[in-house]
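J.: In my numbering, the protein residues as written are 1 to 65. Glycine included, C-beta positions come from ideal geometry on N, C-alpha and C. Just dropping this structure here.
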């Protein structure tokens with residue numbers, strides 16, 4: 001299965017998959033974090049509170065999103 005997700009920032013700095021849900025988190029050079037559902041191929045949420053690039057991202061193993 002190959003899926004392409006479109007975003008305004010061309011520079012993805014981090015990517016992680018959720019261990020139980022069909023989610024992908026991406027961190028972008030623009031400072032935006034995006035939560036995607038890869039089964040539905042939709043953007044679930046966008047977090048844009050950062051002023052600079054977000055160079056890494058990961059789901060917490062015990063805390064809910």
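Between the Cα of residue 73 and those of 44, 64, 61, 52, spot the shortest distance and give me the residue it belongs to.
T.: There is simply no residue 73 to check, as the chain begins at 1 and stops at 65 in what is shown.
J.: From what residue to what residue does the beta strand (DSSP E) around residue 24 run?
T.: Start and end: 23–28.
J.: With burial defined as no fewer than 16 other Cβ atoms inside 10 Å of the residue's Cβ, what is the status of residue 27: buried or exposed?
T.: When all chains shown are included, residue 27 counts as buried.
J.: Using C-beta distances below 8 Å, list every residue in its chain close to residue 44, excluding the 5 sequence neighbours before and after it, in chain order.
T.: The answer, listed in chain order, is 23, 35, 36, 37.
J.: Between the C-alpha atoms of residue 54 and residue 46, what's the straight-line distance to the nearest angstrom?
T.: C-alpha separation (whole angstroms): 13 Å.
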